[in-house]
Every structure is written in structure tokens, then in C-alpha cells.
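Counting the sequence shown from 1 gives a position; the working numbering is that position plus 22.
Beta carbons: idealized from backbone N, C-alpha and C, even for Gly.
This report refers to the structure that appears directly beneath it.
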Amino acid sequence: MMTRIISQIFYGTLIHSLSLTKLSIIPNALLGIDKFGKIAFVEENITNEQNINDILSKWNINEEKIIRLTKRQFLIPGFVDTHIHAPQFPNAGTGLDLPLLEWLNKYTFPLEKSYSSLEFAKNVYPVVINNLLRNGTTTAVYFSTIHLESSKYLAKLIHEKGQRGFLGKVNMDRNCPNDYIETIESSIEDTKNFVEYVMNLDEKDMKDVKGDEESITNQVTRLVTPIITPRFAISCSSELLHSLSKLAQEYDLPIQSHLSENKDEIKFVKNLFPNLKDYTSVYEHHNLLNQKTIMAHGIYLSSDERNLIKNLKVGISHCPNSNFSLSSGICDVRKLLNDNIKVGLGTDISGGFGKSILDSIRNASVASKVIHFSNQNDDRDNNNKNSHLTLPELFYLSTMGGANLVNLENVIGNFEVGKEFDALLIDPESPQSPIDIFDYDDDNIERIFEKFIFLGDERNISRVYVQGNFVSGTEFK
Numbered sequence: 023m024m025t026r027i028i029s030q031i032f033y034g035t036l037i038h039s040l041s042l043t044k045l046s047i048i049p050n051a052l053l054g055i056d057k058f059g060k061i062a063f064v065e066e067n068i069t070n071e072q073n074i075n076d077i078l079s080k081w082n083i084n085e086e087k088i089i090r091l092t093k094r095q096f097l098i099p100g101f102v103d104t105h106i107h108a109p110q111f112p113n114a115g116t117g118l119d120l121p122l123l124e125w126l127n128k129y130t131f132p133l134e135k136s137y138s139s140l141e142f143a144k145n146v147y148p149v150v151i152n153n154l155l156r157n158g159t160t161t162a163v164y165f166s167t168i169h170l171e172s173s174k175y176l177a178k179l180i181h182e183k184g185q186r187g188f189l190g191k192v193n194m195d196r197n198c199p200n201d202y203i204e205t206i207e208s209s210i211e212d213t214k215n216f217v218e219y220v221m222n223l224d225e226k227d228m229k230d231v232k233g234d235e236e237s238i239t240n241q242v243t244r245l246v247t248p249i250i251t252p253r254f255a256i257s258c259s260s261e262l263l264h265s266l267s268k269l270a271q272e273y274d275l276p277i278q279s280h281l282s283e284n285k286d287e288i289k290f291v292k293n294l295f296p297n298l299k300d301y302t303s304v305y306e307h308h309n310l311l312n313q314k315t316i317m318a319h320g321i322y323l324s325s326d327e328r329n330l331i332k333n334l335k336v337g338i339s340h341c342p343n344s345n346f347s348l349s350s351g352i353c354d355v356r357k358l359l360n361d362n363i364k365v366g367l368g369t370d371i372s373g374g375f376g377k378s379i380l381d382s383i384r385n386a387s388v389a390s391k392v393i394h395f396s397n398q399n400d401d402r403d404n405n406n407k408n409s410h411l412t413l414p415e416l417f418y419l420s421t422m423g424g425a426n427l428v429n430l431e432n433v434i435g436n437f438e439v440g441k442e443f444d445a446l447l448i449d450p451e452s453p454q455s456p457i458d459i460f461d462y463d464d465d466n467i468e469r470i471f472e473k474f475i476f477l478g479d480e481r482n483i484s485r486v487y488v489q490g491n492f493v494s495g496t497e498f499k
């Protein structure tokens, strides 16, 4: 029987989530990656060279395949950004003086209509993906625009750069500018065209091994996946929403949109759909809610809406920077988690100005503490007392939480054997690092990890891997 082919080994500290509350730190670990980019083995407590040599011999691996981390370096799973508007990237850090609906009309729609020009897209989209990869986003759930050709270009670029992406061509046929709107017919026709284009991108790369023990690897997952993307209920007619749900069923695709972000938005939706109970029911009525649906924000959900979301296994993308920046409100993530609702983190560029999930983690921490403070004297809501999000929970949301939202919890999110190796090599002592490490930190790697989470940035993300492939960072010499 042939030995499974190992392409790379890491030796050092691994940090990943085993559950929402359990953070696992594994020092002196050997992690092996096979030629398909999957984790072949994880050996713990390897403390001497003889142990290493024994494992190398067992797997028939040469020493030169080992990347040895320093005492203060560590590997973590790649970050999952569950909500980002790629075309809005040029506006990041600007135009945050208005609430959502005014902000869309003044800043966002005028920028997005520029993507009718493919040349404009070619000047922006490479910058977007390069920035996200440098910041450790190995998986991103993208909105593009209504434009077919620039959306295709973005899909091709994500694939070429090796990022894992879920990309939606935006659909909207009402309550939009006259020069940035679709008809129902053109929206569906272009979406079908886009879906088939994206689904063909990976065909030549899908690997299927048969006839030997490596058949256990079967296929790697699709790198780029189309996702059905009605912008939100305000901008989509009932007929378009019904047509999009049929398209999602026909191609068995995930769905994304916005939900309950802003109070004026909620009122507008109620006026548009007066016969439906609430905002969430609008999407349910049009068969757009299921276990493959990601809804961004969910700030003002009623208990009935939360129950509906839970029962239909819909995921919520928590985008705290955007919620603060556009003065939308504060999402009570603890309440969602207590209701067993799936939650991940999103940057929501450019409603949010941060391009890193580290920023989302930090703002999620602040948001949860603000909720905690506001509930301290409220005897009606005892479940929220003393329940701000902890470090293990925040890290889980940024990795496994996101993996759950994109239904890849068995593929990515931590370092379990058999999963694909989407990972970041973190160097707290990189050149010009924003993190200060002292001698007394050495005996507590969790302390160094926490400093990275709250102080670190892209300078500390030394290398980025997707499906075992090096996609960003510094080459080892």
C-alpha cells in the first residue's frame, strides 16, 4: 500500500477552536499537509528530535519539508469574513456621516454604478483581494454589483489569487437610482449566466483520486462558489425575490442578503410588504431562508423572528464596525447565541471601515460589553448579565463560526485531521510589529495570542494558506 504523499509539515504551536467556549492551544505539535491541501496528521507533545525523526520515518518525509516555528510564533485557522461589499472598497474610511438609506444614495450607489466599466473594476478588485489576503481573510462572502462582466472578473480574480470566496452578483429592480437598476428579466438572465460561469471556474481544478489509499481525500472543495444575492427587501420586488429563490433551488446555491440593520429600513420594508408579519417573514414568504442563507446584521430581531431564524437554520453575519459607523445600532450577539442561532463576523466594507476580521473581533468585543452594561440594571433580561463575549468566543466566531455560516464546518475552521489547511502563520515579533512581547510573556502563549488578537495587524500575519497553498505573505528562504 502506498504512503499518503505529504507536501508540507509545520512544527510549533497550534491555536484553534474546539467549540464556542473551548480554545485549544497545542505547543510542540507536528501538523502534516497532504498534496491535496488537507490535514493528514496532527501529532502533539513532540518535544525532542528523536520524536520528530520517528514521525518523519513513519510518513516517509524528508526533513526539508518541515517549517519550524519560533517559540513565539503560532498557527491559527484562516479568518472568515461573512459579509463584505467588494465594490465599496474605495469608500472605506469615508462617508460615514449618514445613516444607512441616505448613505446608500449619497455614497454607495454612485460608486457601485462605476463598475459598468470593466476597466474600473480592474483597478479596484485586485487591491481588495490582496488587502484581504494580507489581513488573513482566507474565506470571504462577497457582494459585487449588478454588472455581469465586472462580477465575472471578480470571480476569476478570486480564483486566480487562491482565496476561498462566495460571490454574488447583486440583484435589485426597484428603489434604486435610474442609472443603477435592473429589470426582473435582465437580473435573472445575468444571474444565471454568472452562476454558470463561476461554477465552471473550478472544474479543471477539482481533484478526484481513485484506486489507492489516497481516495480518502476524494475531492477538494470548490474554491469559488456563486451565492444568490438580492440586495435587500427594499430594492427587490416580490416577483424578483420569488424568481431568485427558484434559481437558488435549481442550482442548489447559498443565499445572502441584509436583515434588520436600521430602524428606517425596517419601516420601509413594512410599508412595501404590509401583509407580512415582519422583515424576516418577507424572506421566508419568498422561500429565501434555509440552512444555506446568510443574513447580515439582525440588530432589531423580535423573539418570533429569532425563533424563525433558528428553526430554519439561517446564519447571522455580525458586522459591529458598520453598525457603529452608520449609527445603525448594536446587535445582541449573546442573545442570538443563547437562541442557538449561527453567528459569524463580517467587515461589511464600506459601511465598516476595517478591512481585517481582527477589527471585527475588537468591535464585537466592545459591542457585547456595551450591551452588557446597558442590561446590568435591567431585571427583565437576566440572561444577558455578565455575558459579554469572551476571547474564546470571539475567536470562534471569526473562524469556526464563519465556517458554519458558509456550511463548511467540516472542511475549514480549525485543525482537525481531514480538513483543508486554511491557515495563518502569526509572528508577534515581525518587523515593526505593533505588539510588544516581554520575557515574562514567554511562559504563557495564550497571553501572546491575546495580544495579537487585540493589538496585532497584517504585519504579524507572516504567511497565509488556502487549501494548503501559500497565497500571501513572506516566502521562507
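Would residue i be called buried (16 or more neighbouring beta carbons within 10 Å of its own) or exposed?
i: Asn-222; result: exposed
i: Thr-43; result: exposed
i: Phe-188; result: buried
i: Glu-287; result: buried
i: Thr-167; result: buried
i: Pro-456; result: exposed
i: Gly-440; result: exposed
i: Tyr-322; result: buried
i: Glu-85; result: exposed
i: Asn-284; result: buried
i: Arg-485; result: buried
i: Phe-32; result: buried
i: Ile-483; result: buried
i: Pro-453; result: exposed
i: Arg-469; result: exposed
i: Thr-205; result: exposed
i: Gln-271; result: exposed
i: Asp-449; result: buried
i: Lys-174; result: buried
With distance defined between alpha-carbon atoms, name the residue in the options nearest to residue i.
i: Ser-41; options: Leu-477, Gly-59, Asp-195 and Phe-417; result: Phe-417
i: Thr-412; options: Gly-435, Phe-437 and Ala-386; result: Ala-386
i: Leu-154; options: Ala-108, Pro-414 and Glu-66; result: Ala-108
i: Ser-208; options: Met-194, Glu-218 and Tyr-219; result: Met-194
i: Lys-60; options: Glu-468, Ala-445 and Thr-130; result: Ala-445
i: Phe-375; options: Gly-435, Asp-119 and Leu-97; result: Asp-119
i: Val-192; options: Phe-346, Tyr-202 and Leu-140; result: Tyr-202
i: Ile-180; options: Lys-335, Leu-245, Tyr-129 and Ile-28; result: Leu-245
i: Phe-254; options: Val-304, Lys-299 and Leu-419; result: Val-304
i: Leu-281; options: Ser-265, Ser-260 and Tyr-301; result: Tyr-301
i: Phe-63; options: Ile-27, Glu-306, Ile-98 and Tyr-129; result: Ile-27
i: Thr-69; options: Lys-335, Ile-88, Phe-58 and Pro-49; result: Pro-49
i: Ile-363; options: Ser-350, Lys-377, Thr-315 and Ser-347; result: Thr-315
i: Ile-88; options: Phe-131, Ser-29 and Lys-178; result: Ser-29
i: Lys-299; options: Asn-312, Ala-318, Ser-324 and Leu-310; result: Ser-324
Since residue i and residue j are thought to touch, with beta carbons under 8 Å apart, how far apart are those beta carbons, to the nearest angstrom?
i: Gln-278; j: Thr-251; result: 5 Å
i: Val-102; j: Thr-421; result: 6 Å
i: Gly-54; j: Gln-95; result: Not really, about 18 Å apart at Cβ, beyond 8 Å.
i: Thr-369; j: Asp-354; result: Their Cβ separation, rounded to whole angstroms, is 20 Å, which puts Thr-369 and Asp-354 out of contact at 8 Å.
i: Leu-427; j: Gly-337; result: 4 Å
i: Ile-37; j: Phe-443; result: Ile-37 to Phe-443, Cβ: 15 Å. No contact.
i: Gly-190; j: Phe-165; result: 6 Å
i: His-410; j: Ser-396; result: The Cβ separation is near 11 Å, so there is no contact.
DSSP state of residue i, grouped into three classes?
i: Gln-95; result: coil
i: Ala-177; result: helix
i: Pro-342; result: helix
i: Lys-364; result: strand
i: Gln-489; result: coil
i: Lys-60; result: strand
i: His-308; result: coil
i: Tyr-33; result: strand
i: Ser-438; result: The identity of residue 438 in the sequence shown is Glu, whereas the question assumes Ser. The answer is coil: DSSP assigns Glu-438 none of H, G, I, E or B.
i: Asn-50; result: strand
i: Ile-448; result: strand
i: Leu-245; result: coil
i: Asp-103; result: strand
i: Pro-296; result: coil
i: Ser-484; result: strand
i: Tyr-202; result: coil
i: Gln-398; result: coil
i: Val-192; result: strand
i: Pro-252; result: strand
i: His-264; result: helix
i: Glu-235; result: Residue confidence is low: Glu-235 scores 45 on pLDDT, short of 50, so the model does not pin down where it sits. Its coordinate-derived value is still stated next. Note: Glu-235 maps to helix in three-state DSSP.
Any heavy atom of the ligand HEM inside 7 Å of the beta-carbon of residue i?
i: Ile-277; result: Ligands displayed in this structure: none; no statement on the ligand HEM is therefore possible.
With three or more beta-carbon pairs closer than 8 Å as the criterion, would you say the stretch 111-130 touches the stretch 78-89? The stretch 111-130 is not in contact with the stretch 78-89.
Assess contact between the stretch 341-354 and the stretch 324-332, defined as three or more Cβ pairs (one per stretch) separated by less than 8 Å. Is contact present? The stretch 341-354 is not in contact with the stretch 324-332.
Report yes or no: do the stretch 132-149 and the stretch 354-363 share at least 3 C-beta pairs separated by less than 8 Å? Here the stretch 132-149 does not lie against the stretch 354-363, with fewer than 3 beta-carbon pairs under 8 Å apart.
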